[in-house]
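Asker: Below you will find the structure I want to go over with you.
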Amino acid sequence: MAKTKLTPIKKERDKTKLLKKTFIERFFKASGNISLICNEVKITRAAYYKWMQKDPVFKNEIEHQIEGLFDFVEHKLFNLIDEKNVAAVIFFLKTKAKNRGYYEKSEIIGSMKSELNLDQSTLLQIAKMIKKNKDKNATSAASKPNSKT
21 MAKTKLTPIK
31 KERDKTKLLK
41 KTFIERFFKA
51 SGNISLICNE
61 VKITRAAYYK
71 WMQKDPVFKN
81 EIEHQIEGLF
91 DFVEHKLFNL
101 IDEKNVAAVI
111 FFLKTKAKNR
121 GYYEKSEIIG
131 SMKSELNLDQ
141 STLLQIAKMI
151 KKNKDKNATS
161 AASKPNSKT
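Here the sequence shown is numbered in the numbering used here, starting from 21 and rising by one per residue.
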């Protein structure tokens, strides 16, 4: 059986395919640390971002790995909650139970002054737009039947 000779382009494609596979395999173990994985795989960050942009299969695999990291960390958070770690409980409630009132309000007290220096032409344009909007709203309101009867 005759061996087929690999062209330089085919060799490069095979090498890139192997690098992508290796990158994906190491992603979870490196906790998604792009710099660390790039160093291990011996590629530049630019190569990684190019792959993410141009290779939808690679991008999908990385996104899948990221979701796996989220699941892993959430599981660790729940372990801390089970161990009655108050900080973990508070963090969870502040981030996941806002609809139940578990959030912090930030109050900003003070005053703010701002001065607009608009030329006459700009002021006239704004006045025309306001008038046009008022006229449009008045026409729209007049054409609607009165529902208060």
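Where a beta carbon is used, it is the ideal one built from N, C-alpha and C, also for glycine.
At a Cβ threshold of 8 Å, is residue 64 touching chain B?
Answerer: Checking the listed chains, one finds no chain B in this structure; it contains a single protein chain.
Asker: Who are the near neighbours of residue 154 in its chain, counting only those whose CB is closer than 7 Å to its CB and skipping five residues on each side?
Answerer: Residue mapping note: residue 154 aligns to position 134 of the sequence shown, counting from 1. Same-chain partners within the cutoff: there are none.
Asker: If you draw a straight line from the C-alpha of residue 57 to the C-alpha of residue 120, how long is it?
Answerer: Looking up residue 57 in the sequence shown gives position 37. Looking up residue 120 in the sequence shown gives position 100. Their backbone Cα atoms lie some 40 Å apart in a straight line.
Asker: Closest to residue 60 by C-alpha separation, out of 151, 40 and 25, would be which residue?
Answerer: Walking along the sequence shown from the start, residue 60 turns up at place 40. The shortest C-alpha separation from residue 60 is found at 40.
Asker: Tell me the residue span of the alpha helix (DSSP H) that contains residue 55.
Answerer: Walking along the sequence shown from the start, residue 55 turns up at place 35. Where residue 55 is concerned, the enclosing alpha helix (DSSP H) stretches over 54-61.
Asker: Pairing CB atoms from the region 31-51 with CB atoms from the region 66-85, are three or more of them under 8 Å?
Answerer: yes
Asker: Label residue 68 either buried or exposed according to how many other C-beta atoms from any shown protein chain fall within 10 Å of its C-beta, with 16 as the threshold for buried.
Answerer: Counted from its first residue, the sequence shown places residue 68 at position 48. By the 10 Å Cβ count, residue 68 comes out buried.
Asker: Can you tell me the Cα-Cα spacing of residue 77 and residue 37, whole angstroms?
Answerer: In the sequence shown, counting from the first residue as 1, residue 77 sits at position 57. In the sequence shown, counting from the first residue as 1, residue 37 sits at position 17. In a straight line, the C-alpha of residue 77 is about 11 Å away from that of residue 37.
Asker: Please state the DSSP three-state secondary structure of residue 128.
Answerer: Counting from one through the sequence shown, the residue named residue 128 turns up at place 108. In the structure shown, residue 128 sits in coil (DSSP, three-state: anything other than H, G, I, E or B).
Asker: Can you tell me the Cα-Cα spacing of residue 126 and residue 30, whole angstroms?
Answerer: Here residue 126 corresponds to residue number 106 of the sequence shown, with the count starting at 1. Here residue 30 corresponds to residue number 10 of the sequence shown, with the count starting at 1. Distance between the alpha carbons of residue 126 and residue 30 is about 58 Å.
Asker: Between the C-alpha atoms of residue 101 and residue 28, what's the straight-line distance to the nearest angstrom?
Answerer: By 1-based counting over the sequence shown, the position of residue 101 is 81. By 1-based counting over the sequence shown, the position of residue 28 is 8. Looking at the two C-alpha atoms, the distance is approximately 55 Å.
Asker: In whole angstroms, what separates the C-alpha of residue 51 from that of residue 89?
Answerer: On the sequence shown, position 31 is the one that residue 51 refers to. On the sequence shown, position 69 is the one that residue 89 refers to. If I take the Cα positions, the gap works out to 7 Å.
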